[in-house]
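In our numbering, the protein residues as written are 513 to 805. Backbone N, C-alpha and C define an ideal beta-carbon position, used for all residues, glycine too. Since the structure is predicted, the reported quantities are computational estimates derived from the model, not experimental observations.
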């Protein structure tokens with residue numbers, strides 16, 4: 513039986529688009545007993561500080577490489593590359609420069625437009641659900657009580673391709689009667705943590721970020737509070753269009769197997785659920801609506 517490597521399926525190296533922790537490259541290998549070798553590149557982008565991003569993924573990628581080695585009967589090495597910008601990360605997956613990736617919902621919609629053959633391996637679970645919260649925050653001492661109060665004031669968005677940091681936030685503002693023309697000023701700051709810190713420092717009246725980052729910032733003493741919250745869809749883990757089916761199926765089996773549930777939850781916090789393209793219709797609708805912002 514030929515190895516997956518011998519049929520020319522992998523050993524694709526993605527050049528890191530961003531130097532992470534002084535050029536750190538994660539190399540996560542399965543047990544040495546395996547004979548053949550499969551090398552995969554995992555890609556994502558820095559929604560938070562790059563060093564935080566690396567620490568976040570390391571435990572699960574280590575687990576995944578070991579379990580893939582067992583499932584496929586070959587040594588599996590996973591390399592990680594972190595793109596500085598959302599668009600760069602999207603292009604890397606669409607063009608097959610990385611083998612699999614973890615994206616936000618809006619990035620999934622964008623990558624599917626570029627390459628409709630990208631595959632959903634699984635989607636993340638939040639306490640058994642496919643939804644979680646994004647938030648719009650103001651300074652802790654702000655007297656603002658509703659979104660319509662933001663007329664004539666300033667707003668900080670995240671990345672221009674961010675699900676929470678742009679599309680859902682703008683959709684929510686539109687529902688409150690606020691368009692870009694109603695704001696005194698607004699900017700795209702990139703990362704979620706930068707948005708929260710800017711609002712806490714009084715540089716912007718309000719801003720949009722994910723709830724988990726909000727909680728971390730508050731714990732660090734950043735003076736912000738929630739003005740409004742809204743639903744978001746959990747993140748998909750995606751496979752490049754040319755990643756061989758045996759590898760995709762093995763990944764999905766590992767992520768969704770009840771036998772692996774405890775360890776998957778331990779290393780990825782909430783585990784995974786079966787995902788379909790239709791799960792992201794909420795995001796498509798918000799992206800279309802945000803065009804009127």
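{"Check": "Could you tell me the boundaries of the alpha helix (DSSP H) in which residue 801 lies?", "Outcome": "793-802"}
{"Check": "Along the chain, which unbroken stretches of the alpha helix (DSSP H) at least 4 residues long are found entirely within the region 546-586?", "Outcome": "562-584"}
{"Check": "If you follow the beta strand (DSSP E) that residue 666 is in, where does it begin and where does it stop?", "Outcome": "666-669"}
{"Check": "Using DSSP with H/G/I as helix, E/B as strand and the rest coil, what is residue 651?", "Outcome": "strand"}
{"Check": "Given a cut-off of 9 Å, decide if residue 635 and residue 746 are closer than it, judged by their beta-carbon atoms.", "Outcome": "yes"}
{"Check": "Any contact between the region 626-634 and the region 695-702? By contact I mean 3 or more CB pairs, one from each, below 8 Å.", "Outcome": "no"}
{"Check": "Taking the alpha-carbon positions, what's the residue 613 to residue 769 distance?", "Outcome": "20 Å"}
{"Check": "Among residues of its own chain, excluding the 5 on either side of residue 557, which ones have a beta-carbon nearer than 6 Å to its beta-carbon?", "Outcome": "595, 598, 601"}
{"Check": "Between the C-alpha atoms of residue 626 and residue 606, what's the straight-line distance to the nearest angstrom?", "Outcome": "6 Å"}
{"Check": "Strictly by DSSP, which residues pair up with residue 593?", "Outcome": "555"}
{"Check": "If we call anything under 9 Å between Cβ atoms a contact, is residue 795 one with residue 618?", "Outcome": "yes"}
{"Check": "Residue 702 to residue 762, Cα distance in whole Å?", "Outcome": "34 Å"}
{"Check": "With C-beta atoms as the reference, is residue 676 less than 9 Å away from residue 714?", "Outcome": "no"}
{"Check": "With DSSP collapsed to three states, give me the class of residue 617.", "Outcome": "helix"}
{"Check": "Can residue 599 be considered in contact with the ligand FAD, in the sense that its beta carbon sits closer than 8 Å to one or more heavy atoms?", "Outcome": "Of the ligands one can find in the structure shown there are none, so the ligand FAD has no counterpart to examine."}
{"Check": "Within its chain, find whatever has a CB closer than 6 Å to the CB of residue 717; leave out the 5 residues flanking it on each side and keep chain order.", "Outcome": "665, 666"}
{"Check": "What are the partner residues of residue 638, as DSSP defines its beta bridges?", "Outcome": "641"}
{"Check": "In chain order, what residues of the same chain have a beta carbon less than 6 Å from the beta carbon of residue 650, not counting five sequence neighbours either side?", "Outcome": "656, 718, 739"}
{"Check": "Can you grab the Cα-Cα spacing for the pair residue 609 / residue 587, in whole Å?", "Outcome": "21 Å"}
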